[in-house]
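This report concerns only the one structure given below.
2 protein chains.
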Amino acid sequence: MNTTIETILNHRSIRKFQDRPLSDEQISLLVKAAQAASTSSNIQAYSIIGVKNPETKQKLAELAGNQSYVAHNGHFFVFCADLYRHEKAGEMEKQEVTESIESTEKFMVAIIDAALAAQNTAIAAESMGLGICYIGGLRNNLPEVSSVLKTPDRVIPLFGMTIGYPDQNPDVKPRLPFNHVYFEDHYDTGEQYEEQLKEYNETVSAYYNERTDGRRSDTWTGQMAQMLAHPQRMYMKEFVQKKGFNNK
Amino acid sequence: MNTTIETILNHRSIRKFQDRPLSDEQISLLVKAAQAASTSSNIQAYSIIGVKNPETKQKLAELAGNQSYVAHNGHFFVFCADLYRHEKAGEMEKQEVTESIESTEKFMVAIIDAALAAQNTAIAAESMGLGICYIGGLRNNLPEVSSVLKTPDRVIPLFGMTIGYPDQNPDVKPRLPFNHVYFEDHYDTGEQYEEQLKEYNETVSAYYNERTDGRRSDTWTGQMAQMLAHPQRMYMKEFVQKKGFNNK
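For the record, the sequence lines run as chains L and W. Numbered by the UniProt record's numbering, the letters in the first sequence go through residues 1 to 248 in order. Numbered by the UniProt record's numbering, the letters in the second sequence go through residues 1 to 248 in order.
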């Protein structure tokens, strides 16, 4: 166990920050960390927008479902899937690249690239004693978020990340049982599968029970079924296609 | 600058490994690191398959385009988007979750979750002195890869990761200019955009030139246009939809 792995294992999302902005040096180091991540065939199919303007932050906080920590933090990053520069590369080189750029394959590549870069930023930030929280809530309203951030076609904001000096110290949340997530040699849907989910339900229940003096005792399958029974963001398919992704 | 950030900035893909398997303790720690990553609303929409069987590794190496380091390394992980356990949760809780599970939104969530987990594994491995390489080549033939790994519907292998003790010491590859990837407050497609790509072309050219005694002088836009002019993996849209993703 080294300090990097300790940092990784100690991750908790931080949703309350001190009123203390990150320095430009810190921001620059976090972006460089993002850029150091692996990228499929060096395609670098992502961009990062750092939001400093308080009005823009406030607007994004509202669009993300009134999450105040989107406005109040040390810095707010938005990670985007980006194939705009690749369309440009095609133009510069007089090659027809649309078919490729609009493929589901490249949609996946751009999402993976952006996520790998983001996670580097997250780990780098946490190693500096900062806290982070991913903001998937930006996807509640991507047409508006895109317009606020002026992203062109071929660019989709995927999620935000609030970063800052923590003003809270939440617990690490228990994850699914190791053997439910990790398989050897092949996937296995045998009878242990449902047992593991029930085991995790008990773990999650105990976690909430302890933290709420028994007022809350959710299970994981209960939380998931409840969430998934109410489909969210069903505009997404049409939206990403309109932006030039996931069409072919 | 701390050791974690040094590890992150020093990333190079390693494609040649010593003949020395990872220990079960190392593997377990790398999976725990993966599980510690952020996940959208605790959905944990990914699974990891660790491949130990030499025949399976050989088969996957061939399917990934005869990349020998997929067979010869310290360990080989496959990261999968996984909404199978969420379908199960729906059944256990007698809730209808198909519409949600089959949405483009949840397809994105599962890809992001898997990528964040994978990057934690990558950084943890590198912090232990190991080298890694992502294997997107698995997506050359996902129907066969899925069958080898016995993944059910609602599970898609996204990419592999070779890990092991490095037997080479490649250079760190130069990335796109900082200001081309990082924007403040909003995206900007102004005239600097193409200039930055030209600047990067010179950097990339110089990089190859130096390393090949002038035999190679690719540019980035040239590489990208060439790659994208030949659409790859165009079966993907139909494949992921058949597996129950990205339908709604």
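C-beta atoms are modelled at their ideal positions from N, C-alpha and C, and glycine is treated no differently.
C-alpha gap between residue i and residue j, whole angstroms
i: W:F159; j: L:T7; result: 25 Å
i: W:T121; j: W:K237; result: 28 Å
i: L:K94; j: W:Q196; result: 18 Å
i: L:G129; j: L:Y165; result: 7 Å
i: L:Q232; j: W:N169; result: 46 Å
i: W:N201; j: L:E87; result: 15 Å
i: W:S28; j: L:A114; result: 26 Å
i: L:E144; j: L:R215; result: 38 Å
i: W:V155; j: L:I123; result: 27 Å
i: W:Q241; j: L:L228; result: 18 Å
i: W:Q226; j: L:M224; result: 43 Å
i: W:G90; j: W:Y193; result: 47 Å
i: W:L138; j: W:N10; result: 25 Å
i: W:N53; j: L:N2; result: 29 Å
i: W:T98; j: W:K150; result: 22 Å
Residue i (DSSP reduced to helix, strand or coil)
i: L:I48; result: strand
i: L:M236; result: helix
i: W:Y187; result: coil
i: W:M161; result: strand
i: L:V172; result: coil
i: L:P152; result: coil
i: W:F107; result: helix
i: W:F245; result: coil
i: W:S28; result: helix
i: W:V181; result: helix
i: W:H11; result: coil
i: L:G222; result: helix
i: W:P54; result: helix
i: L:H86; result: helix
i: L:V70; result: helix
i: W:T65; result: Here residue 65 of chain W is Gly; the residue named in the question, Thr, does not match the sequence. DSSP places W:G65 in coil when its eight states are reduced to three.
i: W:G137; result: helix
Partners in chain L for residue i, counting only beta-carbon separations shorter than 8 Å
i: W:L9; result: K32, A33, A36
i: W:P54; result: Going along chain L, no residue has its Cβ under 8 Å from W:P54, so there is no contact; the nearest lies around 11 Å.
i: W:E194; result: K88, M92
i: W:S13; result: S38
8 Å Cβ cut-off: residues of chain W touching residue i
i: L:Y2; result: Rather than Tyr, the amino acid found at residue 2 of chain L in this sequence is Asn. Per Cβ cutoff of 8 Å: T3, S127, M128.
i: L:Q44; result: R175, L176, V181
i: L:N246; result: T104, K237, N246
i: residue 284 of chain L; result: Any question about residue 284 of chain L goes unanswered here, given that chain L covers just 1 to 248.
Residue i burial status per 10 Å Cβ neighbour count (16 or more: buried)
i: W:A206; result: exposed
i: W:N73; result: buried
i: W:Q230; result: Per the sequence shown, the amino acid found at residue 230 of chain W is His instead of Gln. Under this definition W:H230 is an exposed residue.
i: W:V172; result: exposed
i: L:R211; result: exposed
i: L:Q67; result: buried
i: W:F76; result: buried
i: L:E55; result: exposed
i: W:S147; result: exposed
i: W:K32; result: buried
i: W:K243; result: buried
i: W:T221; result: buried
i: L:G50; result: buried
i: L:F239; result: buried
i: L:R20; result: exposed
Residue i: contacting residues in chain L (beta-carbon distance under 9 Å)
i: W:Q119; result: A37, S38, A115, L116, A117, A118, Q119, N120, A122, I123
i: W:F17; result: The contacting residues do not exist; W:F17 stays about 16 Å from chain L at best.
i: W:E93; result: T219, T221, G222, M224, A225, Q226, A229
Cross-chain neighbours of residue i in chain W, by beta carbon under 7 Å
i: L:V97; result: A225, L228, A229
i: L:V240; result: T104
i: residue 250 of chain L; result: Residue 250 of chain L cannot be examined here, being either before or after the span of chain L that is shown, 1 to 248.
i: L:Y149; result: Before going on, a small fix: residue 149 of chain L reads as Leu here, not Tyr. Chain W residues near L:L149: H186, Y187.
Listed by chain order, chain W residues near residue i by CB distance under 9 Å
i: L:S217; result: Chain W residues near L:S217: none, gap ~15 Å exceeds 9 Å.
i: L:I112; result: I111, I112, A114, A115, A118, Y134, G136, L158, F159
i: L:Q232; result: S100, S103, E105, K106
i: L:I49; result: Y182, F183, E184, D185, H186, Y187
Interface partners of residue i on chain L, CB under 7 Å
i: W:P152; result: Y187, T189
i: W:H86; result: M224, L228
i: W:L63; result: In chain order: nothing, as chain L lies at least about 14 Å away.
Exercise for the section: Report yes or no: do three or more beta-carbon pairs, one from the segment 126-144 of chain L and one from the segment 11-31 of chain W, lie closer than 8 Å? Expected result: no
Practice task
Take every Cβ of the segment 80-92 of chain L, pair it with every Cβ of the segment 77-94 of chain W, and state whether three or more of those distances are shorter than 8 Å.
Solution key: The answer is no - the segment 77-94 of chain W does not touch the segment 80-92 of chain L, with fewer than three Cβ pairs under 8 Å.
Exercise for the section: Indicate whether the contact test is met: 3 or more Cβ pairs, each with one atom in the segment 109-117 of chain W and one in the segment 19-37 of chain L, closer than 8 Å. Expected result: no
Problem - Contact the segment 173-192 of chain W vs the segment 26-41 of chain W: 3+ CB pairs below 8 Å - result: no
Handout entry: the segment 57-69 of chain L touching the segment 147-164 of chain L, judged by at least three CB pairs closer than 8 Å
Key = Result yes; three or more Cβ-Cβ pairs closer than 8 Å.
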